[in-house]
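In terms of the working numbering, the sequence shown is numbered consecutively and its last residue is 395.
Beta carbons are placed, not taken as given, at the ideal position from N, Cα and C, and that holds for glycine.
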Amino acid sequence: MSKTSRMTSLADLADIGRDAKRGGYSRHGFDRAELELREWFTAEARRRGLDLEADRNGNLWAWWGSPGPGAIVTGSHLDSVPGGGAFDGPLGVVSALEAVDALRTKGFTPSRPLAIVVFAEEEGGRFGVPCLGSRLLTGSIQPDAALNLTDPAGVSLAEAVSGAGLDPARFGRDDEALSRIGSFVELHVEQGKGLAVPVGVASSILAHGRWRFTFTGQGNHAGTTLIADRRDPMLPASQLVLAARRAAVGDARATVGRVVPSPGGTNVIASTVDVWLDARSPTGARDLVGQISEDARQAAEEEGCELVVREESYGDTVHFDPALRDQLAGVLGGVPTLPTGAGHDAGILAAHVSTAMLFVRNPTGISHAPEEYAEPDDCQAGVAALAAVLEHLAR
Ligand code: GLV
Ligand code: MN
Ligand code: MN
């Protein structure tokens with residue numbers, strides 16, 4: 001577990017899925033980059049003699065010991081947001097491989113099965129719903145709903161997974177895979193400015209969700225249509241952005257990061273505008289969105305436009321298993337526990353199995369951007385912490 005091997009492992013992924021246009025990485029569920037990362041993980045698992053298995057929903061599992069109940073599972077995801085950083089997801093997978101190496105180097109043999117999992121499409125960067133692999137596994141999304149999701153090019157999840165050699169007919173809640181998990185511990189880069197020491201333990205995740213607002217007006221000519229005659233959906237769409245900022249008070253967050261006008265011409269008044277809202281709040285993100293939607297509806301009416309609002313995903317506040325959280329903080333010598341506003345597969349699993357997260361310090365607080373970073377020494381502390389935790393749980 002030298003510093004060199006840690007850097008080497010993350011460096012192995014450095015050229016996969018680089019986004020020349022946006023900077024950083026664009027690696028999305030079952031696209032070429034993510035499939036290449038899956039191959040990399042498969043090779044790394046095999047190189048270590050771990051048994052590789054793809055579950056019914058396209059999540060990958062590498063087993064140290066025979067798959068079975070009571071397993072201690074760690075891992076994360078390999079996909080990214082569009083133009084994302086190098087650490088969000090891959091740090092947890094690489095650290096898991098390195099933690100296994102460290103345990104073997106010290107001669108530890110687990111008395112329970114231990115597995116490293118790679119969840120599919122955690123960011124929802126391609127099909128829109130985050131944590132798709134863990135939601136399918138746990139039944140928190142119905143397989144038909146998931147398989148009919150489409151990417152911006154119109155490719156459905158069913159088509160994408162078929163292209164990757166998976167059988168969409170097998171997708172859906174996987175009680176067998178779920179029942180094998182005794183505890184799940186995900187290591188992740190911390191994504192805000194919440195951690196002043198190298199490693200901490202997560203306490204909770206903010207309730208969060210995604211909504212799609214479709215404003216419909218009348219497409220028309222930018223030069224000949226008098227302002228008084230317009231039904232321009234871009235007007236209420238812009239009011240939605242402002243309403244989101246106004247509504248996000250206290251610890252609530254509301255973000256518009258994606259706006260798609262159609263047809264999208266400089267000299268064309270749009271006929272429709274799709275706006276995606278990401279909302280998170282300690283008091284339940286649906287309340288927050290109710291308020292924002294009212295403002296958007298009023299703005300749409302004033303411009304003579306229609307508005308349709310669809311909830312694309314939702315997750316309630318997650319409180320990680322307090323006993324496991326305190327146990328892990330103790331094993332790590334009393335490291336801090338902290339909440340997060342970021343979503344994770346661990347948050348989905350927490351409703352079904354005993355779940356915890358380890359965070360590695362983020363020196364700038366930047367994440368979901370190319371500048372996302374963690375110091376090599378902190379990453380190494382993360383591997384050591386994960387190894388200590390796995391040893392404690394699997395002894
Ligand atoms: C994923 O990282 C999210 O919080 O959206
Ligand atoms: Mn992320
Ligand atoms: Mn992540």
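- Excluding sequence positions up to five before and after A248, its CB lies within less than 6 Å of the CB of A254, all in the same chain and listed in chain order.
- Distances from the CB of H344 to the heavy atoms of ligand 3 include at least one below 8 Å.
- In the structure shown, the three-state DSSP call for D88 is coil.
- By the C-beta criterion, the segment 307–326 is judged to be in contact with the segment 282–297, since at least 3 inter-stretch pairs fall below 8 Å.
- Buried is the label assigned to I348, since at least 16 other Cβ atoms lie within 10 Å of its Cβ.
- The set of residues with a C-beta under 5 Å from any non-hydrogen atom of ligand 3 comprises D88, G89, given in chain order.
- Not one heavy atom of ligand 2 lies closer than 8 Å to the C-beta of V383.
- The distance from the Cβ of V161 to that of F30 is about 6 Å, consistent with a contact at the 8 Å cut-off.
- Going by C-alpha positions, G139 is about 45 Å away from N220.
- When the five nearest sequence neighbours on each side are left out, the beta carbons in the same chain lying within less than 6 Å of the beta carbon of A252 are those of S281, L288, in order along the chain.
- In the three-state reduction of the DSSP assignment, I205 falls in the strand class.
- Inclusion of V81 in the 8 Å shell around ligand 2 follows from its C-beta lying nearer than that to a non-hydrogen atom of the ligand.
- A228 and E303 have their C-alpha atoms roughly 10 Å apart.
- Between the segment 56–76 and the segment 129–136 there are three or more inter-stretch CB-CB distances shorter than 8 Å, so the stretches are counted as touching.
- Just measuring C-alpha positions, the residue of V241, R231, G182 sitting nearest W211 is V241.
- In the structure shown, A342 falls within a coil segment according to DSSP collapsed to helix, strand and coil.
- Check the Cα spacing between L178 and each of A387, D151, P69, R27: the tightest is with P69.
- Distance from the CA atom of D19 to the CA atom of R27, rounded to whole angstroms, is 9 Å.
- C-alpha of R38 to C-alpha of D101: approximately 19 Å in a straight line.
- Ranked by how close their Cα comes to the Cα of V308, the residues L235, L338, D274, Q218 have D274 in first place.
- Per DSSP, V197 is not a residue of any beta strand (DSSP E), being assigned neither H nor E.
- Following the DSSP letters along the chain, one finds A351 in no beta strand (DSSP E), marked with neither H nor E.
- Closest by C-alpha distance to P67, out of G124, P322, E53, is E53.
- By the CB criterion at 9 Å, E312 and G209 fall inside the cutoff.
- DSSP assignment within the segment 52–121 yields the following whole alpha helix (DSSP H) runs of 4 residues or more, N-terminal first: 90–105.
- By alpha-carbon distance to R180, the top candidate from S354, E190, E159 is S354.
- In this structure, the CA atom of T109 is about 35 Å from the CA atom of P363.
- In this chain, the alpha helix (DSSP H) harbouring L136 covers 132–138.
- Remark: C-beta atoms of A115 and W40 do not approach each other more closely than 9 Å.
- Annotated three-state conformation of E311 is strand, per DSSP.
- With distances taken between CA atoms, G75 lies nearest to S183 out of A381, S183, A237, P233.
- D287: member of the alpha helix (DSSP H) spanning 285–302, first to last residue.
- Out of I366, A384, R395, the CA that lies nearest to the CA of K193 is found in I366.
- Under the DSSP assignment, H392 falls in the alpha helix (DSSP H) whose first and last residues are 376–394.
- Here the distance from the Cβ of D278 to the nearest heavy atom of ligand 1 is below 8 Å.
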